[in-house]
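Q:
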Amino acid sequence: METIFYDALKTIGDETKLKNWRRVHGGDINEAFYLRTEQGEYFLKFRKNCPGRFFACERTGLEALRESGAVHVPKVYGYKDGKDYGYILLEWIEGKKSDRLGEKLGRQLANLHRIPQEFFGFPEDNYIGILPQKNGRFASWIEYYRECRLLPQIRMAEKKGLLPGDLRKKLDVLLENLDRYLPGRCTPSLLHGDLWGGNWIGGKNGEPYLIDPAVFYGHSEFEIAFTELFGGFPPSFYSAYQEILPLSDGYQDRKGLYQLFYLLVHVNLFGSSYVPSVKRVLEKYV
């Protein structure tokens, strides 16, 4: 691995001695490493047999969030998407989470979501985890959510043999009736797209940082719904968010439909153990 480390560092102009490196645990998708040279500290994510543009998409997502001016993300120093392997070299961020940081994150995320975008989708396709994520440009949130979020995950799970026939039929009924539950009109916002508790960290500068995005322009409630699915956000996060951008009436009724997407993603990433959760959500709507 040290050869790869030196190659990555050389591409950004750091040819000083590698003084220390260690594995960083916590992710399911890539190998991760802390690197320290005489010039600085870095975080490197590495993957063999990368899908096309895998780390280029991560860079694009991080840069989109950074350019908003509303949230903090690690600096991207460089990346490589090769046939044999790929990596992305990032700023090393180290700090602790706290209620105060959660409050800051809630405020910053609300300010991100307040910035209006021109369409639903994104200029390029990307990934959520290692799964391809279709985007495009849509005027309708409901159409985008159906065609680019729910349907691709449903078809993927069906192809893998993970969806029982009766469940697939209920999903079809739901897809035909999304307009009964989701808002016909809402403003597109830039979303992190994969905001669970492991994708925000604290920095030594007292600021929260977002990592591992799967960005797109969507309904802001979609983001909040996922933060509630697996936890990892303090109450201060939600109160600070709603001080700036209150959730609309009916959010609790819509929340399950937005969480359904992430449950389908987990079915495709981790297997049939998440199918009962999909069934429970469908029971509320079909």
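Just so we're aligned: the sequence shown equals residues 1 to 286 in UniProt numbering. Where a beta carbon is used, it is the ideal one built from N, C-alpha and C, also for glycine.
(1) Indicate whether D99 and I142 have their beta-carbon atoms separated by less than 8 Å.
(2) Please state whether DSSP places Q39 in a helix, a strand or coil.
(3) If the criterion is Cβ atoms closer than 8 Å, does the pair I128 and D28 meet it?
(4) Determine the direct distance from the alpha carbon of I93 to that of N205, and round the result to whole angstroms.
(5) My parser needs the alpha helix (DSSP H) runs of 4 or more residues fully inside the segment 211–242; what are they?
(6) Could you give the distance in angstroms between the alpha-carbon of Q252 and the alpha-carbon of I130?
(7) Pick from H25, R280, F120, A64: whose alpha carbon is nearest that of S140?
(8) Going by C-alpha distance, which of Q242, D84, L282 is nearest Q259?
(9) When you compare each of E147, N111, R155, E124 to S220 by their alpha carbons, which one comes out closest?
(10) Mind checking which residues open and close the alpha helix (DSSP H) that includes Y251?
(11) What residue range does the alpha helix (DSSP H) around G165 cover?
(12) Return the CA-CA distance between G78 and G165, expressed in angstroms with no decimal places.
(13) If the criterion is Cβ atoms closer than 8 Å, does the pair K104 and P213 meet it?
(14) If you drop the 5 nearest sequence neighbours on each side, which residues of the same chain put their C-beta closer than 6 Å to that of D14?
(15) Give the straight-line distance between the Cα atoms of V278 and L174, rounded to the nearest whole angstrom.
(16) Would the beta-carbon of F138 fall within 8 Å of that of F216?
(17) Please list the terminal residues of the continuous alpha helix (DSSP H) segment that includes N111.
(18) Among Q108, R53, E63, K159, which one has its Cα closest to the Cα of R86?
(19) Any beta-carbon of chain B closer than 8 Å to the one on K284?
(20) Looking only at its chain, what residues have a beta carbon closer than 8 Å to the beta carbon of L269, apart from the 5 residues adjacent to it on each side?
(21) Mind reading off the beta-carbon distance from H192 to L210? Whole number of angstroms is fine, and I expect it under 8 Å.
(22) I need the straight-line Cα distance from F55 to A157, nearest angstrom please.
(23) Could you work out which residue in L35, D81, R23, K75 is closest to C50 when comparing CA atoms only?
(24) Whole angstroms is fine: what's the gap from R114's alpha carbon to S189's?
(25) Nearest to K75 by alpha carbon, out of W21, R59, G69, K10?
A: Result, derived from the coordinates:
(1) Taking 8 Å as the cut-off, the beta carbon of D99 is found no closer than this to the beta carbon of I142.
(2) Three-state result, Q39: coil.
(3) Contact flag unset, no.
(4) The straight-line gap separating the alpha-carbon atoms of N205 and I93 is approximately 9 Å.
(5) Whole alpha helix (DSSP H) segments, 4+ residues: 220–230.
(6) C-alpha of Q252 to C-alpha of I130: approximately 30 Å in a straight line.
(7) A check of alpha carbon separations from S140 across H25, R280, F120, A64 identifies F120 as the nearest.
(8) Put simply, of Q242, D84, L282 the residue whose alpha carbon is nearest the alpha carbon of Q259 is L282.
(9) Checking every option, the nearest Cα to that of S220 belongs to N111.
(10) It spans 251–270 - the alpha helix (DSSP H) in which Y251 sits, taken as one unbroken run.
(11) Here the alpha helix (DSSP H) through G165 covers 165–176.
(12) For G78 and G165, the distance between alpha carbons rounds to 45 Å.
(13) It is not a contact, given that the beta carbons lie outside the stated cut-off.
(14) Contacts found: T37, Q39.
(15) One C-alpha to the other measures close to 12 Å.
(16) Going by C-beta atoms, F138 is not nearer than 8 Å to F216.
(17) For N111, the enclosing alpha helix (DSSP H) begins and ends at 99–113.
(18) Here residue 86 turns out to be Gly, not Arg, going by the sequence shown. When only C-alpha atoms are compared, the closest one is R53.
(19) Considering every chain present, this structure includes no chain B. It has just one protein chain.
(20) Once the five neighbours on either side are set aside, the close Cβ partners of L269 are D28, G129, I130, L131.
(21) That pair is a contact at about 6 Å.
(22) Roughly 24 Å separates the two Cα atoms.
(23) Of the listed residues, the one whose Cα sits closest to C50 is D81.
(24) If you draw a straight line from the Cα of R114 to the Cα of S189, it is about 7 Å long.
(25) Taking K75 as reference, the option from W21, R59, G69, K10 with the minimal CA-CA separation is R59.
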